[in-house]
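Q: Handing you this structure, nothing more for now.
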Amino acid sequence: MGVALRDIIADYKTPVSWEALPGIAAVDANNTLYQFLTIIRQPDGTPLMDRQGRVTSHLSGILFRISNFMAKGIKPVFVFDGKPTQLKQATIEERRKLRDTAGEKWREAVERGDEAEAYKQARSSTRVDDTIIRTSRELLGLMGIPVVQAPGEGEAQAAFMVARGDCLYVISQDYDTLLFGAPTLVRNLTVSGKRKIRGRQITVNPERIVLAETLAGLKLTREQLIEIGILVGTDFNPGVEGVGAKTGLKIVQKGEFAAKLKEKQPDFDPAPVMEMFLKPPVTTEYSVAAGHPDAEGIKKMLCDGYDFSEERVDKALEGFSVKAGQKTLESWF
Numbered sequence: 068m069g070v071a072l073r074d075i076i077a078d079y080k081t082p083v084s085w086e087a088l089p090g091i092a093a094v095d096a097n098n099t100l101y102q103f104l105t106i107i108r109q110p111d112g113t114p115l116m117d118r119q120g121r122v123t124s125h126l127s128g129i130l131f132r133i134s135n136f137m138a139k140g141i142k143p144v145f146v147f148d149g150k151p152t153q154l155k156q157a158t159i160e161e162r163r164k165l166r167d168t169a170g171e172k173w174r175e176a177v178e179r180g181d182e183a184e185a186y187k188q189a190r191s192s193t194r195v196d197d198t199i200i201r202t203s204r205e206l207l208g209l210m211g212i213p214v215v216q217a218p219g220e221g222e223a224q225a226a227f228m229v230a231r232g233d234c235l236y237v238i239s240q241d242y243d244t245l246l247f248g249a250p251t252l253v254r255n256l257t258v259s260g261k262r263k264i265r266g267r268q269i270t271v272n273p274e275r276i277v278l279a280e281t282l283a284g285l286k287l288t289r290e291q292l293i294e295i296g297i298l299v300g301t302d303f304n305p306g307v308e309g310v311g312a313k314t315g316l317k318i319v320q321k322g323e324f325a326a327k328l329k330e331k332q333p334d335f336d337p338a339p340v341m342e343m344f345l346k347p348p349v350t351t352e353y354s355v356a357a358g359h360p361d362a363e364g365i366k367k368m369l370c371d372g373y374d375f376s377e378e379r380v381d382k383a384l385e386g387f388s389v390k391a392g393q394k395t396l397e398s399w400f
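Take 68 as the starting number for the sequence shown in the working numbering and just add one per residue.
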């Protein structure tokens, strides 16, 4: 997922404390749900499920992360993807094939008792489907969290909302957000401060990337950063074989972007991809105002509906400053 710009962005990431993050933040919802479904699993890769076999990893992730956000003064607005553009269809199909293959490998690994391989393949088989989206939106509604439906890419809508000044920053793991023009991107806002990478657990801390500072440091325009993305490969094009972020940076800085594409991909027109990043479909029809959390409704959905422990839900609700039996959160406003 996303565009592989890490190698040239690394020097422009700055550590940021949780105390510096209060305010309204646009959350890349699909990216966040994907994280929950990928990470919140049993040792053999099986996701959290209720007694009926329904996946609940995403609901657990939403409950505890938002509780953590609220306790720290972060007011999230979840922005969901809309209909994918035709440019993305090839990427969607390729990802579907990879997930299906990973799912088969996961089942085989479970059968032979290879727990490490099973966990790895299970993560690769993660998918955010309609049921995940629907139940997530239901829980967010009970929490009083604003939800925005993007007409297209959620990252684009989130970037637009920050650029307009309605939100302070975008929360996402994907660097695509910068290509869409997000002034500020914040990554690694995990509850535990831990993340599993290639089978090992590492400590991660919140980091902030400011687009203007990044462009100034790299001596690039935003259009040139998009050119690097196109060379490396985005959700909307496969990229040039053998070109990583550092090589792409050199090509663009030398003014050889068009020549390299003509040499390697003579039939490819980068203009529609450039247009997608510069002028994506977005909407102004949204609200970032939080509603009143319904503590009893949250408990009814999670405990009665999905077998969550009432004790764990009550603990999470402490982050909302909500006690069982209360249905409002006056201190939040």
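Yeah, the Cβ is synthetic: ideal placement off N, Cα and C, and Gly gets one too.
Because the structure is a prediction, the values reported are computed rather than measured.
Would you list the residues sitting across from LEU252 in a DSSP beta bridge?
A: Note: LEU252 sits in a beta bridge opposite VAL237 and ILE276.
Q: Between the alpha carbons of ARG265 and GLN188, how many angstroms are there, rounded?
A: A caution first: ARG265 carries a pLDDT of 49, below 50, which makes its placement in the model too unreliable to give a value.
Q: Give the secondary structure of THR168 by DSSP, where H, G and I count as helix, E and B as strand, and everything else as coil.
A: Helix, per DSSP.
Q: Does the Cβ-Cβ distance between TYR236 and PRO250 come in under 9 Å?
A: The answer is yes: Cβ separation under 9 Å.
Q: In the DSSP assignment, what residue or residues form a beta bridge with VAL214?
A: Beta-bridge pairing links VAL214 to PHE145.
Q: Is it buried or exposed for ASN272, if we count other Cβ within 10 angstroms and need 16 for buried?
A: Exposed is the call here.
Q: Within the same chain, show all residues whose beta-carbon is closer than 7 Å to that of SER354, passing over the 5 residues directly before and after it, in chain order.
A: PRO213, listed in sequence order.
Q: Pull up the DSSP beta-bridge partners for MET116, would you.
A: Note: MET116 sits in a beta bridge opposite VAL122.
Q: May I ask which residues mark the beginning and end of the alpha helix (DSSP H) holding ASP381?
A: Segment 377-384, the alpha helix (DSSP H) holding ASP381.
Q: Find the nearest neighbour of GLU342 within the set VAL177, ARG174 and THR152, judged by alpha-carbon distance.
A: Answer by Cα proximity: THR152.
Q: Under a three-way DSSP split, which group does THR288 fall into?
A: DSSP places THR288 in coil when its eight states are reduced to three.
Q: Can you look up THR99 in the DSSP assignment and give me helix, strand or coil?
A: Reduced to three states, the DSSP call for THR99 is helix.
Q: Have a look at ALA185 and ARG108 and give me their C-alpha separation to the nearest angstrom.
A: So the two alpha carbons sit approximately 11 Å from each other.
Q: Give every residue of the same chain whose Cβ lies closer than 7 Å to the Cβ of GLU86, excluding the five residues on either side of it in the sequence, and list them in chain order.
A: So no residue of the chain qualifies.
Q: From the DSSP output, read off the bridge partner residues of ASN304.
A: According to DSSP, which records beta bridges pairwise, ASN304 is partnered with THR301.
Q: If you pair each beta-carbon of the stretch 319-333 with each one of the stretch 352-371, do three or more pairs fall below 8 Å?
A: Counting Cβ pairs under 8 Å, fewer than three are found: no touch.
Q: Say whether the stretch 90-105 touches the stretch 119-130, bearing in mind that this needs 3 or more beta-carbon pairs closer than 8 Å, one atom from each stretch.
A: Short answer: they touch.
Q: Do THR244 and LEU252 have their CB atoms nearer than 9 Å?
A: Cβ atoms of THR244 and LEU252: closer than 9 Å.
Q: Looking only at DSSP bridge pairs, what is THR81 linked to?
A: THR81 pairs with ARG275.
Q: Under the rule that 16 or more other beta-carbon atoms within 10 Å means buried, what is GLU280, buried or exposed?
A: Looking at its Cβ environment, which holds fewer than 16 other Cβ atoms inside 10 Å, GLU280 is exposed.
Q: Can you list, in chain order, the residues of its chain whose CB lies under 7 Å from that of ALA96, leaving out five sequence neighbours each side?
A: Cβ within range, chain order: PHE145, VAL146, PHE147 and GLY221.
Q: CA-CA distance, LEU206 and GLY309?
A: When rounded, the distance between both Cα atoms is 43 Å.
Q: Going by other Cβ atoms of all chains shown within 10 Å of its Cβ, with 16 needed for buried, is GLN119 buried or exposed?
A: By the neighbour-count rule (16 or more Cβ atoms within 10 Å), GLN119 is not buried but exposed.
Q: Any idea which residues DSSP pairs VAL70 with across the strands?
A: In the DSSP output, where bridge partners are listed per residue, VAL70 has none listed.
Q: If SER134 and ALA169 are in contact, beta carbons under 8 Å, what's the gap, nearest whole angstrom?
A: So it is not a contact: roughly 31 Å between Cβ atoms.
Q: Whose CA, out of LEU154, ARG289, ARG121 and GLU323, lies closest to the CA of PHE375?
A: It is ARG121 whose Cα lies nearest to the Cα of PHE375.
Q: From ASP381 to MET368, what does the alpha carbon distance come to, in whole angstroms?
A: Roughly 13 Å separates the two Cα atoms.
Q: Return the chain-ordered list of same chain residues with a C-beta closer than 8 Å to the C-beta of ALA230, the five sequence neighbours on each side being excluded.
A: Contacts found: GLY248, ALA249 and PRO250.
Q: Would you decide whether ASP336 is buried or exposed? Buried here means 16 or more other CB atoms lie within 10 Å of its CB.
A: So ASP336 counts as exposed.
Q: In chain order, what residues of the same chain lie with their CB nearer than 6 Å to the CB of THR158, ignoring the 5 residues before and after it?
A: Correct list, in chain order: ASP302.
Q: What residue from GLY311, GLY90 and ARG289 has the CA that sits closest to ALA138's CA?
A: For ALA138, the nearest C-alpha among the options comes from GLY90.
Q: On the DSSP letters alone, give me the boundaries of the alpha helix (DSSP H) that PRO339 sits inside.
A: It spans 338-345 - the alpha helix (DSSP H) in which PRO339 sits, taken as one unbroken run.
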